[in-house]
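Following: one structure in structure tokens, then a few remarks.
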Amino acid sequence: MKFFKRLLLIILLAILLVGSIIFFNGYKLYKTTLDSKSLTDKISEIKNNNSYVSYDKVPDYYLNAIIAVEDHRFKDHGPIDVISIGRAIVSNVQSKELNEGGSTITQQVAKNLYFITEDNVISRKIAEILVAIDLEKNYSKDQILEFYINTIYFGEGYYGIKQASNGYYDKDPIDLTLNEATILAGVPNAPSVYAPTVNPDLAKNRQGKVIRSMVEYNYLSQDEADKIVK
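Numbering (the numbering used here), first residue to last: -3 to 226.
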């Protein structure tokens, strides 16, 4: 019995040690990254971009589409979503592949701001969470969503909703139709796959997922959804 207790203690200490090392490496990445450019400076930098568009210059149905398909509890949870992470872990174990990450919109903003080229996934995830905490401490949910739509990649070299709207539909974001908005809301999940100019059929399939999510979370009625897909 004593042997098993000692073995359990050793295992727990090993887990604690490994966890501490992982967190330290993530914290180090976070600290060195923000020391080189603060969050305030980084936000100012993206806002000064000519393609930056404010929250009120985008249709509500586009914003609702993003929330529905990317992070439907966005307005309710903090920097991370434990439920989403748990679901992603179960899904990845079942599929034996890393298909889902469980990242919130805030975490994705953190990644887009600082860690888009970081190869160390584990350290990056820790650093993303720490930046996400800073984001939610200093900015409102609406502001964070605004940062998100201005930093996501839409394929074909388009970064942010303004470039994507101009590039794919030759119009400003505020003029997007519901059909166009739901197409674009689905693209960032896999731009090389869902870009409407690359794979129109796959883009429509992904749009279907967006629309179903909007219906599920009460952003659209079924009648409204049916009119889009006709």
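All C-beta atoms in this analysis are idealised placements derived from N, C-alpha and C, irrespective of residue type, glycine included.
Please read these numbers as outputs of a predicted model, since none were measured by experiment.
Reduced DSSP category for residue i - H, G, I as helix; E, B as strand; rest coil
{"i": "Y58", "result": "helix"}
{"i": "Y154", "result": "coil"}
{"i": "D52", "result": "helix"}
{"i": "A186", "result": "coil"}
{"i": "P169", "result": "helix"}
{"i": "A10", "result": "helix"}
{"i": "I122", "result": "helix"}
{"i": "I18", "result": "helix"}
{"i": "A191", "result": "coil"}
Through-space distance from residue j to residue i, alpha-carbon basis
{"i": "I140", "j": "D166", "result": "26 Å"}
{"i": "A160", "j": "F150", "result": "6 Å"}
{"i": "L131", "j": "L35", "result": "8 Å"}
{"i": "D171", "j": "Y58", "result": "11 Å"}
{"i": "Y164", "j": "V54", "result": "16 Å"}
{"i": "I76", "j": "F20", "result": "19 Å"}
{"i": "S32", "j": "N201", "result": "41 Å"}
{"i": "I122", "j": "V189", "result": "28 Å"}
Residue interval of the alpha helix (DSSP H) (run including residue i)
{"i": "L141", "result": "137 to 147"}
{"i": "G74", "result": "Unbroken run through G74: none, as it is neither H nor E."}
{"i": "N201", "result": "196 to 212"}
{"i": "T36", "result": "35 to 43"}
{"i": "T102", "result": "101 to 106"}
{"i": "E220", "result": "218 to 225"}
Residue burial classification, residue i (beta-carbon count within 10 angstroms, cutoff 16)
{"i": "L216", "result": "buried"}
{"i": "Q218", "result": "exposed"}
{"i": "S2", "result": "A small fix is needed here, since residue 2 is Arg in this sequence, not Ser. So R2 ends up on the exposed side."}
{"i": "P236", "result": "In the structure as shown, the chain begins at -3 and stops at 226. Residue 236 is therefore absent and cannot be evaluated."}
{"i": "E41", "result": "exposed"}
{"i": "T147", "result": "buried"}
{"i": "K27", "result": "exposed"}
{"i": "Q8", "result": "Per the sequence shown, the amino acid found at residue 8 is Leu instead of Gln. By the neighbour-count rule (16 or more Cβ atoms within 10 Å), L8 is not buried but exposed."}
{"i": "I6", "result": "exposed"}
Residue i beta carbon near the ligand ATP (any heavy atom closer than 8 Å)
{"i": "S136", "result": "The model on display carries no ligand, and the ligand ATP is accordingly not part of it."}
With three or more C-beta pairs closer than 8 Å as the rule, is the segment 192 to 207 touching the segment 58 to 76? yes
Is there contact between the segment 6 to 13 and the segment 110 to 118, where contact requires at least three CB pairs shorter than 8 Å? no
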